[in-house]
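In my numbering, the protein residues as written are 1376 to 1490. For glycine and all other residues, C-beta sits at the position ideal for the given N, C-alpha and C. Just so we're clear, the structure is a prediction, and the values are computed from it rather than from any experiment. The structure appears right after this line, and notes come after that.
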């Protein structure tokens, strides 16, 4: 059993119990497909609120993620770091922003990375 996936379903179920929104349900179906197709251990940031979800891999959607933080849109969501089949961790908006900012800096200025 994939405990990470079960935890994700529980989070969405609690939101749906509080207030059923079709967009939350339909967004989660898309998230499920992306999650199931990903290799074990792949990392995502998962944004969840009553009205919907966003499930992004920083490797593939870094600019979109950065724009969410720059615009303040990310503050409207509960944010989770998901490692497929490994872990699901709640993050503060600030901690998630720091992770995305670091990834942007490493992408744009790889020479700044110190080993």
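- By the C-beta density criterion, residue 1427 is buried, having at least 16 other C-beta atoms within 10 angstroms.
- For residue 1472, the CB contacts under 6 Å within the same chain, skipping 5 residues up- and downstream, are 1444 in chain order.
- When the Cα atoms are used, residue 1402 and residue 1383 turn out to be separated by approximately 13 Å.
- Within the same chain, 1437 and 1441 come within 7 Å of residue 1479 by CB-CB distance, once the 5 residues on both sides are set aside.
- If you check the CB distance, residue 1459 and residue 1415 come in under 8 Å.
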